[in-house]
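A short worksheet on the structure shown next.
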Amino acid sequence: MSDQSSAKRLPDLRHASWNFWWLVFDGFVFAFGFTFISPSSILPVFVARLTPIDLLAGAVPAIDFVGLALPQILGARWAARSARRGGRKRFVLIAAGIGRIPMLAPIVATAVYGDTEPGIALASLLIGLGLFRLSEGIVLPAYFDIVGAVVPPPRRARYFALQQASGAVGGVASAFGARWLLANLPFPWGFVTCFALGTFFVSFVLVVFAQVKEPEPDDPAWAGEGETEKVGEVVSHPRWWRDLAQVISSDATFRLLLVGRSLAALASMAPAYYAVSAVRRLGASDADGATFGAVMLASSLTGTLLWGEVAGRYRHTVLVPVGASLGASEARRLDRSLLTGIPVRGP
């Protein structure tokens, strides 16, 4: 009897390989599509064509980050509500699908008003992007619940490495595709086509994700270390907020992580300003903005492979400050170059 009970408590791994490769492909398709509407390169250049206010270019990555990060607080609670048979995956597909609809607005508005009413095109872009990323933030906890359940722990490092690498490759490919479109189609049709392709592929990725086979709600794969409530249990609002406050107040390392993430959000606005500065001060074209995105993705892929190997030999608490210091140093050199218009070499 005890043997049967033990057997029932083992996670169901029959679909582990199937889910593994579909999730890797999921990352590739999303990155391929999202690069067509990159908040750090293509969208800031588009905003620069619509308004002389540079601050709005920085608003694009800010909307992207805040829209993705803050809703996860509510998304984690809603993910618990959806934890029943097929619940998490259905929640992700429905909520994310609804979130894609607002991205149709900048496509239509740019096509109709891009030349004549730039304010309408700009507003539609900021609102559409904000609602899209809001939906992504809401579903993200449930999405990673599923990833954690269907990808066995021994394969997770390989999964994240393959997903990030394939996503970077897909992003570089679509960045060069965007460059061709922006170089060969007149304004605003190059951007209209990029927005349409980006929206199509970030919507198609839901078809890819739908192929993942979600475990049964009582499968031990859902269980995590230190869980205090049953799988699928909906905690009351007061208790939920108390638990959240307790975690923040009692865990100094977690508080430092939150501060670091907030600073990273501020830093994420920098590439957008670099792109706009290149357009306004250095005469860069719309297509150059896509090239900028390709270079960032390629360098990110190279850095991930390089620093991942270094991280295997040294502590991450050493690696992260060193990497941040190198990035800040090069950013300062780049700032001097853009201020003078002359490439800066040497210290």
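Heads up: the sequence shown is residues 1481 to 1827, going by the numbering used here. The beta carbon of each residue, even a glycine, is placed where N, CA and C say it ideally should be.
Have a look at residue i and residue j and give me their C-alpha separation to the nearest angstrom.
i	j	result
P1632	F1508	20 Å
E1616	A1603	20 Å
I1533	D1766	17 Å
F1514	T1733	32 Å
A1755	P1519	11 Å
P1541	G1670	21 Å
A1744	A1549	12 Å
V1592	A1601	8 Å
A1576	V1682	10 Å
V1527	L1536	7 Å
G1610	I1543	6 Å
L1724	S1654	39 Å
Q1691	T1531	42 Å
F1516	H1495	32 Å
Y1623	F1684	16 Å
R1659	T1673	11 Å
V1619	I1581	15 Å
S1646	R1636	15 Å
R1719	L1786	44 Å
A1770	I1522	6 Å
L1554	P1666	42 Å
E1694	P1598	45 Å
A1539	M1749	8 Å
Here's the rule I'm using: 16 or more other beta-carbon atoms within 10 Å means buried, otherwise exposed. How should residue i be labelled?
i	result
N1451	This structure leaves residue 1451 out entirely; the chain is present only between 1481 and 1827.
E1696	exposed
Q1643	buried
G1763	exposed
S1482	Its pLDDT being 45, under 50, S1482 is placed unreliably in this model, and the coordinates cannot settle the point.
V1652	buried
P1551	buried
R1568	buried
I1626	buried
D1768	buried
G1773	buried
T1679	buried
D1506	buried
V1525	buried
L1661	buried
S1497	exposed
P1621	buried
So residue i and residue j are in contact, right, with Cβ under 8 Å, and what is the actual spacing, rounded?
i	j	result
L1777	A1629	Actually they are not in contact, since the Cβ atoms of L1777 and A1629 sit about 29 Å apart, beyond 8 Å.
T1590	P1668	5 Å
G1547	L1614	5 Å
P1586	F1675	6 Å
L1686	L1573	6 Å
G1579	F1545	That belief does not hold up - the Cβ atoms of G1579 and F1545 are roughly 16 Å apart, past 8 Å.
F1512	G1650	4 Å
R1735	I1728	6 Å
Would you give the residue range spanned by the alpha helix (DSSP H) that residue i belongs to?
i	result
K1569	G1567 to R1580
Q1691	First-last for Q1691: undefined, no H or E at that position.
F1624	P1598 to V1630
A1764	Segment: none, A1764 is in no alpha helix (DSSP H) and carries neither H nor E.
T1590	L1584 to Y1593
T1733	A1732 to A1747
F1516	Element bounds for F1516: n/a, residue is neither H nor E.
S1646	P1633 to N1664
F1667	Note, F1667: premise wrong, no alpha helix (DSSP H); not H, not E.
G1695	With the sequence shown as reference, residue 1695 is identified as Pro, and Gly is not the correct amino acid for it. Per DSSP, P1695 belongs to no alpha helix (DSSP H) and is neither H nor E.
L1493	L1493 -> no alpha helix (DSSP H), and no H or E assigned at all.
L1536	D1534 to A1549
Flag residue i as yes if its beta-carbon sits less than 7 Å from any beta-carbon of chain D, otherwise no.
i	result
L1786	Any reference to chain D falls outside this structure, which holds one protein chain only.
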